Structure formats: C-alpha cells, structure tokens
Amino acid sequence: MYREKLCTTAEAVQCIEPGDWVDYALFNGKPVACDKALADRKEELEDIKIMAAVTLPPIPEVVMRDPKGEVFTYLDLQFSAASRIMQDKCDGVFYHPVNFGEAENYFSGVWDDPDKYGAVPRKAFIVRTAPMDKNGYFNFGMHNSVTYAQIKSARNVIVEVNTNIPVCLGGAREQVHISEVDYIVESENEPLFALPSVEPSEVDRKIAEHVMYHIQDGCCIQLGIGAMPNLVGKMINQTDLKDLGGNTEMLVDAYMEMWESGKMNGKRKNVDDGKITYTFALGSQELYDWMDNNSALASYNVGYVNHPLRLAGIDNLISINQALEVDLYSQVNAESSGPRQISGNGGMSDFVLGAYWSKGGRSLICLPSTYTSKDGTLHSRIVPSFAPGTITTVPRQFVNIIVTEYGWESFKATSTWVRTEKLISLAHPDFRDELIREAEKMKIWRRSNKIE
461 MYREKLCTTA
471 EAVQCIEPGD
481 WVDYALFNGK
491 PVACDKALAD
501 RKEELEDIKI
511 MAAVTLPPIP
521 EVVMRDPKGE
531 VFTYLDLQFS
541 AASRIMQDKC
551 DGVFYHPVNF
561 GEAENYFSGV
571 WDDPDKYGAV
581 PRKAFIVRTA
591 PMDKNGYFNF
601 GMHNSVTYAQ
611 IKSARNVIVE
621 VNTNIPVCLG
631 GAREQVHISE
641 VDYIVESENE
651 PLFALPSVEP
661 SEVDRKIAEH
671 VMYHIQDGCC
681 IQLGIGAMPN
691 LVGKMINQTD
701 LKDLGGNTEM
711 LVDAYMEMWE
721 SGKMNGKRKN
731 VDDGKITYTF
741 ALGSQELYDW
751 MDNNSALASY
761 NVGYVNHPLR
771 LAGIDNLISI
781 NQALEVDLYS
791 QVNAESSGPR
801 QISGNGGMSD
811 FVLGAYWSKG
821 GRSLICLPST
831 YTSKDGTLHS
841 RIVPSFAPGT
851 ITTVPRQFVN
861 IIVTEYGWES
871 FKATSTWVRT
881 EKLISLAHPD
891 FRDELIREAE
901 KMKIWRRSNK
911 IE
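Per the numbering used here, residue 461 is the first one in the sequence shown, and the count goes up by one each step.
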C-alpha cells in the first residue's frame, strides 16, 4: 500500500483545482516540499485559500511567489513572527480568529453543521509526519492539535514524511493510518524550526517571582510562550516544590527541565495522573529529542487538552499567560497593536476560563508595566482605554489575577473602581497620576481610592 501511494510532490498537489480550500498542518507540521510544488502551479490556478497556524520558517512559497495574493489567500489561525512579516509585506495574508479548544469542530462541522461553524469543505490537507511505523501509522510528532480532525474533513490527505519529526506518544489522535492517506511524499528531511533561546530581562524575573507565590505542591501548571514562563520553570527547579503536574496547550523546555529535576511528576493530578498532557510543542531541538517515544508525555487533540469545561475539572490548575496591555476596566489585549495583528487568541481564553472555574485554580495574566517605542519613548501597558482597532482577548468578567513587576492583584468579582485602583497600583509609578486623572474623567475613580 505504501508504494502504491508514494508519489512526487508535483503529483500529490495535482488534486488541487481552482477555487479549492487547502489546509496546511499547524506549527512544524506545515509542509515544505509540497508547499513549493503548489506554488509551482501558480500560473494554472486561481482563488486558492490556504489555512495554517503559527506559521514557522521557512516562509511559505505560496506567499513568497504571490505577494499580491492574486492566486493564493493565506489564512493564519495564530500569528507568529513570520505571519507578521507576511502580513506587512503581502496583500493576501489574513488572521483567522478561533477558540482553539473547539477548533476541531470547525472541521468536523463542515459536514455536520456548516451553517453553525461557517466552514467549507477542504479539498486537501497536507501534513508533515514521522515515517510510517511497522503497523502502518504516521505519527504527527509535536503537532497533534486539530490534525486528525483536518484529516477526517479533507477529500485528499497528503503526508509529507520527515525523519526529523519525533514520535510523540498518545494520548489520542496522535497518528493516522496509511489507509486514510491518499498521497505519500518523502521529503528532503528539512530541519525542524526550533525556538531561539531568549534571555529573560530583570522585569521578567520580578514578574516570575510574583508568579511563584501562586505555585504550591501538587498544582497543575500551564505555561505560555516566552522568556518569562520558561524562567518560572527554572525558578521552580530551585525550590522545594514537589509533585507538580502539567496540562498545557504548548509544551516548552520548562516542562522538560521540571520533569528531569523531579519537581514535576503528575503524581497528584486528578486527571491524567503521571503524565504531562499537551497538544503541541515548540521549543529547542533538545526538547524535540526528549519528546521522542517519551512515555512521560501524552499528546492529545486540542479539544481534549484545551476545552474549558474539561480544564475546569482539573483541580489546582494554574494558568500562566502573557498580555500586551490592559485597560482600566481590566479588559486584556494579548494579540494586537491597534488593528495590527501580533499573535492571536490561541488557547489563552480556554485556559483563562478553565483555571477560573477550576477548584483551587488560578489564572495569571502577566505583562511588564511599560514598553519603549522605537523613538525611545516610554509607554504604559496599563492604559485608560484601548486605541481604536485594538482587540479584546479576555473580557473583564473573566480576568482573575494580573501580574506586573510591581506585584499582583486579584480582580474576580470586583467593582470597576476597585479594579481601577488595583490596576493603577500595578502600573509604572511615572504613569499613575495620569491614569488617576483619566479614571476620574471615566467616572471609575472614588475619592477614597488610594495608591501606595
């Protein structure tokens, strides 16, 4: 069966016709060889929609060769640095907002309830996988998420085999059988994208120190991307904490370090005990090597890992995510600079809600109090109100705890004036008077309010 389905990249993408929708797998699952072959067909195609997420280098050829978007329209569920570059320089690149925890429904809903999910049938799905095993399965490696749902919804499934992809054990929906595959392409085994190491700043260290207050023996930790969350993992390794658990959308190097040090073992998890549960991974090559056939890890589909109702059932879930800015109503923007898309909602809202409802759980939203613009001007990340076009990622009623280098405050079930007071206490001192004046104009400041 393998030899019957083995073909060239040019042969594989011949199934795609004008007007078709095509899905690329997410993260490091994005095809490279087949992407080039599809771009080669630019002159004979039209109106091709391609959906991906967290686009990693190399920049897709379908975008590079069609910067005006005349043939290929590229949709990204979660912007990366590469996505931002494409958006700035190309006309055919757009953000595609989703609730990641229910994203599998968008694909299965194509056939079940297209009016509800607003999806359209996919002509093809292309994914990079590990080589087929002796039982006929192709493992998805570090990119489980919605992959199997995409396979089930596509009329043509193209597998691009890459020997660098680790075999990541389930869990569930971590692999596909050859009987469900239409075309097999053997790639040139391009290296996987690994996140460069980022040295945490002094502000990151102060924020991480405040975060550590909320981590106790036996809690279950979710970490987002960035230097600060990885720093939390390093700080944990220097403490007496024990029996920590992991349930995270994204597996990062910090989990490897916590598991290897013995601080994390999943012993007290009331769900999936003894395992770190995750839906995709993004980190160093060392992390990818550690993941290969590692039974300490359980790769699951995103509908299992991220769904807020399931997360609410995990006791003592501590969710740690980062934001770009917060307004005085405690609304959180974690994805845009005005109307310019920076990242996306991803699974942040899933974990914010899940931890908010978890017994003993806490949702921590972290951000530096300021940033410096290109002209050297210092700006507050805590603002009276968002600039026009800014996206609200987390509405105020679901905000639990906000952390800056100046401390942390809880916002659950508090009034507007209490929220204002707490937020201003977390702001940089140089901006507090101005924020108070603006709060007075907005009528969310009481005369009895005091900022230390």
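Cβ coordinates follow ideal geometry from the N, Cα and C atoms, glycine included.
All figures in this text were calculated on a predicted structure; none of them were measured in a lab.
With a CB to CB cut of under 7 Å and the five nearest residues on each side skipped, what residues in its chain are close to residue i?
i           : result
residue 796 : 802, 850 and 851
residue 677 : 701, 702 and 703
residue 807 : 560, 561, 709 and 766
residue 832 : 838
Would you list the one or two residues that DSSP bridges to residue i?
i           : result
residue 686 : For residue 686, which the question treats as bridged, DSSP gives no partner whatsoever.
residue 643 : 618
residue 840 : 830
residue 482 : 510 and 584
residue 724 : 704
residue 553 : 534
residue 825 : 781 and 862
residue 801 : 796
residue 854 : 792
residue 631 : Residue 631 is not bridged to any residue.
Please list, in chain order, all residues of the same chain as residue i whose beta carbon is under 6 Å from its beta carbon, the five residues on each side excluded.
i           : result
residue 729 : 680 and 705
residue 799 : 849
residue 550 : 523 and 527
residue 750 : 716
residue 567 : 609, 610 and 613
residue 620 : 491, 493, 494, 588, 645 and 647
Kindly indicate the opening and closing residues of the alpha helix (DSSP H) around residue i.
i           : result
residue 868 : Looking at the DSSP string, residue 868 is not in any alpha helix (DSSP H); the run it does join, the beta strand (DSSP E), is 867-870.
residue 891 : 889-901
residue 469 : 469-472
residue 402 : Since the displayed the chain opens at 461 and closes at 912, residue 402 lies outside it and no answer follows.
residue 782 : Careful: residue 782 lies outside any alpha helix (DSSP H), inside the beta strand (DSSP E) at 777-782.
residue 811 : 808-817
residue 759 : Unbroken run through residue 759 is the beta strand (DSSP E), 757-759; no alpha helix (DSSP H).
residue 463 : 462-465
residue 763 : 762-765
residue 885 : 876-886
residue 475 : Per DSSP, residue 475 belongs to no alpha helix (DSSP H) and is neither H nor E.
residue 679 : That residue, residue 679, is in no alpha helix (DSSP H); it is neither H nor E in DSSP.
residue 665 : 662-672
residue 656 : Here residue 656 belongs to no alpha helix (DSSP H), and DSSP marks it neither H nor E.
residue 495 : 493-499
residue 733 : Element bounds for residue 733: n/a, residue is neither H nor E.
residue 524 : 521-524
residue 504 : No alpha helix (DSSP H) holds residue 504; DSSP gives it neither H nor E.
Grab the span of the beta strand (DSSP E) containing residue i for me, first residue to last.
i           : result
residue 738 : 736-741
residue 635 : 635-637
residue 709 : 705-711
residue 787 : 785-787
residue 597 : 597-599
residue 536 : 532-536
Does the beta carbon of residue i come closer than 7 Å to any beta carbon on chain C?
i           : result
residue 664 : Any reference to chain C falls outside this structure, which holds one protein chain only.
One question on the structure: do residue i and residue j come within less than 7 Å of each other, judged by their Cβ atoms?
i           : j           : result
residue 792 : residue 825 : yes
residue 748 : residue 711 : no
residue 587 : residue 469 : no
residue 473 : residue 494 : yes
residue 606 : residue 585 : no
residue 531 : residue 496 : no
residue 892 : residue 904 : no
residue 693 : residue 718 : yes
residue 805 : residue 652 : no
residue 855 : residue 813 : no
residue 780 : residue 689 : yes
With a CB to CB cut of under 8 Å and the five nearest residues on each side skipped, what residues in its chain are close to residue i?
i           : result
residue 746 : 713 and 716
Query - Given 8 Å, three or more beta-carbon pairs between the segment 725-739 and the segment 754-770 - result: yes
Query - Touch test, the segment 613-626 against the segment 590-602, Cβ-Cβ under 8 Å, three pairs minimum - result: yes
Query raised in the report: Three or more C-beta pairs closer than 8 Å, one from the segment 771-791 and one from the segment 810-823: is that the case here?
Result: yes
Requested in this report: Say whether the segment 710-726 touches the segment 582-599, bearing in mind that this needs 3 or more beta-carbon pairs closer than 8 Å, one atom from each stretch.
Outcome: no
Requested in this report: Determine, using beta-carbon pairs with one atom in the segment 502-515 and one in the segment 649-664, whether at least three such pairs fall under 8 Å.
Outcome: no
Query raised in the report: Counting pairs of beta carbons, one from the segment 637-652 and one from the segment 661-669, are three or more of them closer than 8 Å?
Result: no
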